[in-house]
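Inspection log for the structure reproduced underneath, given as structure tokens.
Number of protein chains: 2
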Amino acid sequence: MTDALTSQILTGHSVGATVQVVIDALFARIKSEEYPADTRLPSERTLASDLGVSRNTVREALDVLESRNIIRRRAGSGSFVTYRSEPEIPRGDRSVAENTSPLDHLVVRGILEPEMVRLAVINMTPRDLEDLGETLTRIEAVRTDAVEFVACEEELYRKIAKGTRNPLLASCYELAIQVCQQSFRTALMRRHLTPRRIQDYQQRYNTLFNAIASRDVESAVEFIKLHLVEEQKLLLQEG
Amino acid sequence: MTDALTSQILTGHSVGATVQVVIDALFARIKSEEYPADTRLPSERTLASDLGVSRNTVREALDVLESRNIIRRRAGSGSFVTYRSEPEIPRGDRSVAENTSPLDHLVVRGILEPEMVRLAVINMTPRDLEDLGETLTRIEAVRTDAVEFVACEEELYRKIAKGTRNPLLASCYELAIQVCQQSFRTALMRRHLTPRRIQDYQQRYNTLFNAIASRDVESAVEFIKLHLVEEQKLLLQEG
DNA sequence: CGCGACTGAACCGGTTTCGGACCAATTCCC
DNA sequence: GGGAATTGGTCCGAAACCGGTTCAGTCGCG
Numbered sequence: 001m002t003d004a005l006t007s008q009i010l011t012g013h014s015v016g017a018t019v020q021v022v023i024d025a026l027f028a029r030i031k032s033e034e035y036p037a038d039t040r041l042p043s044e045r046t047l048a049s050d051l052g053v054s055r056n057t058v059r060e061a062l063d064v065l066e067s068r069n070i071i072r073r074r075a076g077s078g079s080f081v082t083y084r085s086e087p088e089i090p091r092g093d094r095s096v097a098e099n100t101s102p103l104d105h106l107v108v109r110g111i112l113e114p115e116m117v118r119l120a121v122i123n124m125t126p127r128d129l130e131d132l133g134e135t136l137t138r139i140e141a142v143r144t145d146a147v148e149f150v151a152c153e154e155e156l157y158r159k160i161a162k163g164t165r166n167p168l169l170a171s172c173y174e175l176a177i178q179v180c181q182q183s184f185r186t187a188l189m190r191r192h193l194t195p196r197r198i199q200d201y202q203q204r205y206n207t208l209f210n211a212i213a214s215r216d217v218e219s220a221v222e223f224i225k226l227h228l229v230e231e232q233k234l235l236l237q238e239g
Numbered sequence: 240m241t242d243a244l245t246s247q248i249l250t251g252h253s254v255g256a257t258v259q260v261v262i263d264a265l266f267a268r269i270k271s272e273e274y275p276a277d278t279r280l281p282s283e284r285t286l287a288s289d290l291g292v293s294r295n296t297v298r299e300a301l302d303v304l305e306s307r308n309i310i311r312r313r314a315g316s317g318s319f320v321t322y323r324s325e326p327e328i329p330r331g332d333r334s335v336a337e338n339t340s341p342l343d344h345l346v347v348r349g350i351l352e353p354e355m356v357r358l359a360v361i362n363m364t365p366r367d368l369e370d371l372g373e374t375l376t377r378i379e380a381v382r383t384d385a386v387e388f389v390a391c392e393e394e395l396y397r398k399i400a401k402g403t404r405n406p407l408l409a410s411c412y413e414l415a416i417q418v419c420q421q422s423f424r425t426a427l428m429r430r431h432l433t434p435r436r437i438q439d440y441q442q443r444y445n446t447l448f449n450a451i452a453s454r455d456v457e458s459a460v461e462f463i464k465l466h467l468v469e470e471q472k473l474l475l476q477e478g
């Protein structure tokens, strides 16, 4: 991790060199969970003497950390870590995957995929399209291997997600993919993935790719919606 | 490495031999990341004594480095490295937060929130609504404390997300919240959070809550869409 | 000698850091 | 309940430090 880069991101405004050192030191301790989430960190006066700087300098650093929602301060009480090092997917409940039903999953896909496809059609470069084409070729090469097919499908969707050039959107979709992998749905799907059905999907993805490659936004979006409805039907049929 | 060539490139104008040596020495340290990007380099006086030359010579060298956009100087503060050894390529696997622009974030919110609100209105229990009401009360108690307000806002959205009863959707939204926290957008927003604007938002959230509580799906969804459009305007105005 | 490069020093105005005092909120403990 | 201790919030002035500027002096070389 480039500390300098982290600093740049954390700081925003220009700040004294000593303050920057303190910011980096504290943020490092928080990231490393030396100061775990939701715990109180040492008092400003303690930190000042520990770090060998004045309290005002510590306070300036804490100002920055607070403005970044990394800590939260309460007068008379202390400063508390609010930063979550790893996007807390497994939370108080069980893992998300275990509690996400196939329907839940399809709902989220229904929300994300149309807009995702729209943005991808708009933002994908020729290079991206070429890359996507290769995945399509891989998909079309499959005959009966359901495992290979699912892997290819995943790759296809991932590339579309990246093609949006929206990292956050891509991450959301990645989350959906992972939940899908970890849930029982995969096993369920595999039962349905007969060679006949694989062929069917291949044709669909081919159509989708053509719409994307020809920059036909509306067709691509409509197609993915249609595809989702089909999936939904399938789920309701066999759930 | 062709020092002569480097010198030639850096110098442009003719410069004293000693100055050239200092330029080369400093540039070498910067390239080798002994002085990493965005860090302050030693003071002119320190450099002068370290390199065994006068401060004026150091300054002449720094003049050249500054004119080449390798460093940037701030009176009273210091000289800072702006040179990037690796012209930062957008790295796919870097932290999502670092690569997500405020617009990206708003786009994802625009995708998730309307459906999220719709599902929440349908699925929230009376107990959930009561809980949401408490958060609203907390929001309405805020007068000027922007930090507290943002924290409350977050809680409100989180409760709505949970209210969908779709763990995957809630996790996606959680991802968005965290990216927002960790990106520079928060600081940006806080500038706009005048007491006047806080009051404005309070009224909006009150309206939203009433729509949700009365199970008025369409009003709630339309309202959140409107809210998002407003946020978008704000971003474009002041970005 | 003259000229340009370099030196050393002083001074300026700005920024940053420091140390401390005082307040208000919270917590602790009797 | 109440006072003491602790914590963050605020403010201030002094001191240290920084780059910006100027200038008289020194050195080396043509």
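Going down the list, the sequences are from chains A and B. Residue numbers for the first sequence, in my numbering: 1 to 239. Residue numbers for the second sequence, in my numbering: 240 to 478. All C-beta atoms in this analysis are idealised placements derived from N, C-alpha and C, irrespective of residue type, glycine included.
For residue i, count the other beta carbons within 10 Å of its own beta carbon; 16 or more makes it buried, fewer makes it exposed. Which is it?
| i | result |
| --- | --- |
| B/I350 | buried |
| B/L475 | exposed |
| B/G331 | No answer about B/G331 holds up, because its pLDDT of 39 lies below 50 and its placement is not dependable. |
| B/A409 | buried |
| B/R313 | exposed |
| A/V19 | buried |
| B/T339 | buried |
| A/H192 | exposed |
| B/A256 | exposed |
| A/E33 | exposed |
| B/D289 | exposed |
| A/E98 | exposed |
| B/R454 | exposed |
| A/S102 | First, the amino acid is wrong: residue 102 of chain A is Pro here, not Ser. Label assigned to A/P102: buried. |
| A/T46 | exposed |
| A/D200 | exposed |
| A/T57 | buried |
| A/I30 | buried |
Considering only the beta carbon of each residue, do residue i and residue j sit closer than 8 Å?
| i | j | result |
| --- | --- | --- |
| B/V320 | B/L280 | yes |
| B/V292 | B/I262 | no |
| A/I198 | A/V147 | no |
| A/L62 | A/S79 | yes |
| B/I399 | B/Q441 | no |
| A/F223 | A/A211 | yes |
| A/G163 | A/A120 | yes |
| B/R294 | B/E305 | no |
| B/L375 | B/Y274 | no |
| B/I355 | B/Y412 | Looking at the sequence shown, residue 355 of chain B is not Ile but Met. Yes, the pair counts as a contact, with Cβ atoms nearer than the cut-off. |
| B/I416 | B/E393 | yes |
Pick from the options: whose alpha carbon is nearest that of residue i?
| i | options | result |
| --- | --- | --- |
| A/A28 | A/D131, A/G76, A/R84, A/T57 | A/R84 |
| B/P406 | A/K159, A/V179, A/A161 | A/V179 |
| A/Q38 | A/R55, A/N69, A/D131, A/I122 | Before going on, a small fix: residue 38 of chain A reads as Asp here, not Gln. The option with the nearest alpha carbon to A/D38 is A/N69. |
| A/K229 | A/V107, A/R127, A/S49 | Looking at the sequence itself, residue 229 of chain A is Val, so the reference to Lys does not match. When each option's Cα is compared against that of A/V229, the closest is A/V107. |
| A/V150 | A/L132, A/D131, A/Q181 | A/Q181 |
| A/R196 | A/E154, A/L156, A/T144, A/T207 | A/T144 |
| A/H227 | A/D131, A/R109, A/V96 | A/R109 |
| B/V456 | B/R357, B/R404, B/R298, B/E299 | B/R357 |
| B/L414 | B/F448, B/R404, B/V335, B/P365 | B/V335 |
| A/I71 | A/H105, A/L26, A/D104 | A/L26 |
| A/L208 | A/L132, A/R165, A/E231 | A/L132 |
| B/H344 | A/E130, A/E60, A/R165 | A/R165 |
Going along chain A in order, which residues have a C-beta closer than 8 Å to the C-beta of residue i?
| i | result |
| --- | --- |
| B/A415 | L168, C172 |
| B/T339 | N166, P167, L168 |
Can you pull the chain A residues whose beta carbon is under 7 Å from the beta carbon of residue i, in chain order?
| i | result |
| --- | --- |
| B/H344 | L168 |
| B/V335 | P167, L168, S171 |
Identify the contact partners of residue i in chain B, using a Cβ-Cβ distance below 7 Å as the criterion.
| i | result |
| --- | --- |
| A/I111 | I350, L351, E354 |
| A/A263 | Any property of residue 263 of chain A remains undetermined from this structure, which presents chain A solely from 1 to 239. |
Which residues of chain B have a Cβ atom closer than 9 Å to the Cβ of residue i, listed in chain order?
| i | result |
| --- | --- |
| A/N69 | V386, V389, A390, E393, C419, Q420, Q421, T425 |
| A/L66 | Before going on, a small fix: residue 66 of chain A reads as Glu here, not Leu. Per Cβ cutoff of 9 Å: V386. |
I think residue i touches residue j, with their Cβ atoms under 8 Å apart; what is that distance to the nearest whole Å?
| i | j | result |
| --- | --- | --- |
| B/K482 | B/P353 | For chain B, the structure presents residues 240 to 478; residue 482 of chain B sits outside this window and is missing. |
Just the chain B side, please: which residues come within less than 8 Å of residue i by C-beta, in chain order?
| i | result |
| --- | --- |
| A/V108 | N405, L407, L408, C411 |
| A/R84 | Q417 |
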